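Residue numbers (this note's numbering): 13 to 435. Using N, Cα and C, we set each Cβ at its ideal position, and we do this for glycine too. As the structure is a prediction and not an experimental result, all values here were calculated from the model. Below is one structure; the comments refer to it alone.
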RNA sequence: GGAGAGGUGGCCGAGCGGCUGAAGGCAUCCGCCUGCUAAGCGGUUGUAGGGUUAACACUCUACCGAGGGUUCGAAUCCCUCCCUCUCCGCCA
C-alpha cells in the first residue's frame with residue numbers, strides 16, 4: 013500500500029510509477045474520492061463535537077434537577093444525522109481502501125524501464141557451464157529413467173502439476189532443504205517453522221490479496237489460504253508489531269511447501285517439474301531500516317547466491333524491469349540457473365525490496381528509540397532457493413555420459429556420503 | 001465440538017450509563033534532593049485521522065479484542081464474531 017499522503021502530495025510520481033509497470037489506474041478519480049471523504053469527515057466530526065458538548069450540558073442540567081428535554085429532543089435529531097453521515101463515511105472509506113489495495117508499488121528510481129521479461133537486463137554471471145553429452149537429456153527423462161521422479165503417480169493421486177519424488181530423488185530434496193537452511197542460519201537468519209495455512213489478513217499484509225486471489229488455494233470452510241510462499245507467514249509474524257529499531261535488521265528463514273494454482277499457465281512451461289502446483293522452497297525475509305533497505309537487498313541477493321555457489325551451479329542474475337515487477341515489489345533481482353536439457357534459464361530465486369509497501373499493509377513498524385514516533389520498516393524477501401528447479405538443474409547439468417547424476421560436493425554429507433545417483 | 005472464565009494504555013490492574021483518554025501501581029523521560037548505592041519529592045510519557053501552521057504549537061474526532069444495537073449520552077447494557085485460558089469429548 014502506498015502512503016495516501018504521497019498520492020495526494022505528488023500524484024504525478026504515483027501516476028508515472030504505476031504507468032511504468034503498464035498498469036492503468038485512475039489517480040484523479042481516486043483523489044477526487046479522497047477529497048470528498050475528507051469533507052465528509054469534517055461534517056461528521058462537527059456533529060460529533062456538538063453531541064459531546066451537549067451531552068455534558070444535559071448531564072449538568074439533570075444534576076441540577078432542571079429540564080433537559082428540549083436539548084435531548086435536538087440531540088435525537090443530531091444522532092440521526094450522525095448515523096447517516098457515519099454510514100456514508102464508512103462506505104466511502106471501504107471504497108477508497110478497496111481501491112488503495114489495488115494500487116501496485118512504485119518502482120524504485122534505479123529500476124530499468126521495460127514492458128516484459130525480454131527487457132530485463134542481465135546483471136552478472138557466475139560459474140562455467142560444464143561439458144555435456146551431445147544431447148543432454150531433460151530432467152524428467154533422467155528422473156523417470158532412474159526411478160527417482162514419478163510424474164504419473166503425482167497426477168494419479170492429485171492431478172496435473174503434482175509430482176512424486178522417490179528414493180534418492182526424495183532424499184536429494186530433503187538434503188537440499190537442510191543444506192540451504194544451514195547456510196542461511198550461518199548467515200545469521202533465525203530459522204522458523206511456520207504454518208502453511210494462513211488467514212486473509214496475512215495474505216493482504218504481504219500483498220497476495222486481493223490482486224492474486226485466483227492464484228491461491230483457499231479452504232472455504234475455515235477461510236484459510238494455503239501459502240504460495242513462506243514469505244507470507246514469515247513476514248506476518250510481526251504484523252501489527254512495533255519493533256525495536258536497535259534490533260534491525262532482523263532476518264528469518266523458513267522452509268515451506270508452496271501452493272499455487274497457476275491459473276492460466278499451460279504448454280511447455282508445465283512440462284516435468286518446472287512449473288507445479290506444489291513445490292518446496294526455503295525463503296529468507298528481512299525487516300530493515302528504510303535508509304538501509306537497498307544495501308540489504310544486495311546482501312540478500314548474495315545470501316541467495318551463496319547457496320548456488322555451494323552447489324557449484326552456474327547462474328546469472330537479472331534485474332526485473334518496471335513492467336515485469338511483481339505487484340508489491342519496488343525492485344527485484346531474479347537468479348537463474350542454466351538447464352541444458354531444457355535448453356533454458358530457470359528462475360530459482362527472486363529477491364525483492366518492498367520498501368514500506370508490505371509494512372504499511374501489515375502495520376509493521378519500529379521505533380528508533382524509546383520515545384520516538386513509530387515508523388514503517390522496510391521488508392525484503394528472497395528465495396534461498398526454490399527446490400524443484402534446483403533439482404532440475406542438478407539432474408540436467410550433472411548428468412554423466414553413463415546416465416548417472418553427480419551429487420554436488422556440499423550435498424554429499426547430507427546424502428550419507430553418496431556421490432552419485434544411479435539406477 | 002461441549003461447559004465455564006476472560007480480553008482495558010509499554011506492562012500489571014481498577015472502573016455506579018454522564019464529571020473516564022481512562023483510578024492506582026510498575027516502567028519511561030525531565031527536574032529537585034541525597035558526596036556513592038538505595039530511597040524521597042514534583043512533573044512527564046499512547047495511536048490514528050481531520051483542520052490549521054513555514055515550523056514549534058494549537059484544536060477537533062475516533063480508539064478500553066472486532067463489528068453491530070439500545071440511549072440525548074456506552075469501556076460500562078444487549079447481540080454477533082474473533083482470540084486466550086481451564087475442564088470435558090474427539091484425534092494425529
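message = DSSP three-state label for residue 210, please.
response = Stepping through the first chain from its first residue, residue 210 is reached at position 198. Looking at residue 210 - three-state DSSP - the assignment turns out to be strand.
task = Could you check if residue 106 is buried or exposed, using at least 16 other CB atoms within 10 Å of its CB as the buried criterion?
result = Here residue 106 is taken as the residue at index 94 of the first chain, counted from 1. Classification for residue 106: exposed.
request  = Give a yes or no on whether the C-beta atoms belonging to residue 43 and residue 27 are separated by under 8 Å.
outcome  = For the purposes of this step, residue 43 is identified with residue 31 of the first chain, where counting begins at 1. For the purposes of this step, residue 27 is identified with residue 15 of the first chain, where counting begins at 1. Not in contact: residue 43 and residue 27 (Cβ atoms no closer than 8 Å).
request  = Would you mind listing the beta strand (DSSP E) stretches within the stretch 95 to 165 that are 3+ residues and don't spill past its ends, in chain order?
outcome  = Counting only runs of 3 or more, we get 134 to 138.
query = Taking residue 37 as the reference, which of 87, 117, 217, 57 has the closest Cα?
reply = Within the first chain, numbered from 1, the residue matching residue 37 stands at position 25. Of the candidates 87, 117, 217, 57, the one whose C-alpha sits nearest the C-alpha of residue 37 is 117.
request  = Would you check if there are 3 or more beta carbon pairs closer than 8 Å linking the stretch 159 to 179 to the stretch 284 to 298?
outcome  = Because the criterion of three Cβ pairs below 8 Å is met, the stretch 159 to 179 and the stretch 284 to 298 touch.
request  = Mark residue 345 as exposed unless 16 or more other C-beta atoms lie within 10 angstroms of its C-beta, in which case mark it buried.
outcome  = Here residue 345 refers to the residue found at position 333 of the first chain. Per the 10 Å Cβ criterion, buried.
key: Sufficient close CB pairs (3 or more, under 8 Å) joining the stretch 415 to 430 to the stretch 201 to 212   = The answer is no - the stretch 201 to 212 does not touch the stretch 415 to 430, with fewer than three Cβ pairs under 8 Å.
ask   = Are residue 158 and residue 423 closer than 8 Å when you measure CB to CB?
value = Locating residue 158 in the first chain gives position 146, counting from the first residue. Locating residue 423 in the first chain gives position 411, counting from the first residue. Not closer than 8 Å, so no.
ask   = Can you list, in chain order, the residues of its chain whose CB lies under 7 Å from that of residue 331, leaving out five sequence neighbours each side?
value = Along the first chain, one-based indexing puts residue 331 at 319. Here the set comprises 124, 132, 133, 135, 345.
inquiry  = Can you tell me whether residue 245 is buried or exposed? The criterion is at least 16 other CB atoms within 10 Å of its CB, across all chains shown.
reply    = For this step, residue 245 is matched to residue 233 along the first chain. Buried, because 16 or more other Cβ atoms sit within 10 Å of the Cβ of residue 245.
request  = Since I believe residue 395 is in contact with residue 369 (beta carbons under 8 Å), could you give me their beta-carbon distance rounded to a whole number of angstroms?
outcome  = Along the first chain, read from residue 1 onward, the residue named residue 369 stands at position 357. Along the first chain, read from residue 1 onward, the residue named residue 395 stands at position 383. Between residue 395 and residue 369 the Cβ distance is about 19 Å, and since that is not below 8 Å, they are no contact.
query = Pick from 59, 41, 352: whose alpha carbon is nearest that of residue 94?
reply = Along the first chain, one-based indexing puts residue 94 at 82. Measuring from the Cα of residue 94, the nearest candidate turns out to be 59.
query = In this structure, what does DSSP give as the bridge partners for residue 410?
reply = Position 398 of the first chain, counted from the first residue, corresponds to residue 410. Paired residues: none, contrary to the question.
request  = Mind the definition here: the stretch 56 to 74 touches the stretch 84 to 100 only if three or more C-beta pairs lie below 8 Å; say whether that holds.
outcome  = Taking 8 Å as the limit for Cβ pairs, the verdict is that the stretch 84 to 100 does touch the stretch 56 to 74.
inquiry  = Less than 8 Å between the C-beta atoms of residue 348 and residue 150, yes or no?
reply    = Position 336 of the first chain holds residue 348. Position 138 of the first chain holds residue 150. At a Cβ-Cβ threshold of 8 Å, residue 348 and residue 150 do not count as neighbours.
ask   = Of all the options 291, 338, 47, which has the alpha carbon lying nearest to the alpha carbon of residue 219?
value = Residue numbering aside, residue 219 sits at position 207 when the first chain is read from its first letter. Closest by alpha carbon: 338.
message = Based on DSSP bridge pairs, tell me the residues matched to residue 263.
response = Translated into the one-based positions of the first chain, residue 263 becomes position 251. Looking at the DSSP assignment, residue 263 forms a beta bridge with 298.
query = residue 67: buried (16+ other C-beta within 10 angstroms of its C-beta) or exposed?
reply = Along the first chain, read from residue 1 onward, the residue named residue 67 stands at position 55. The residue is exposed, with fewer than 16 neighbouring Cβ atoms inside 10 Å.
request  = Please work out which residues of its chain come closer than 6 Å, Cβ to Cβ, to residue 141, disregarding the five sequence neighbours upstream and downstream, and give them in chain order.
outcome  = Residue numbering aside, residue 141 sits at position 129 when the first chain is read from its first letter. Excluding the 5 residues flanking it on each side, residue 141 has same chain C-beta neighbours closer than 6 Å at 326, 350, in chain order.
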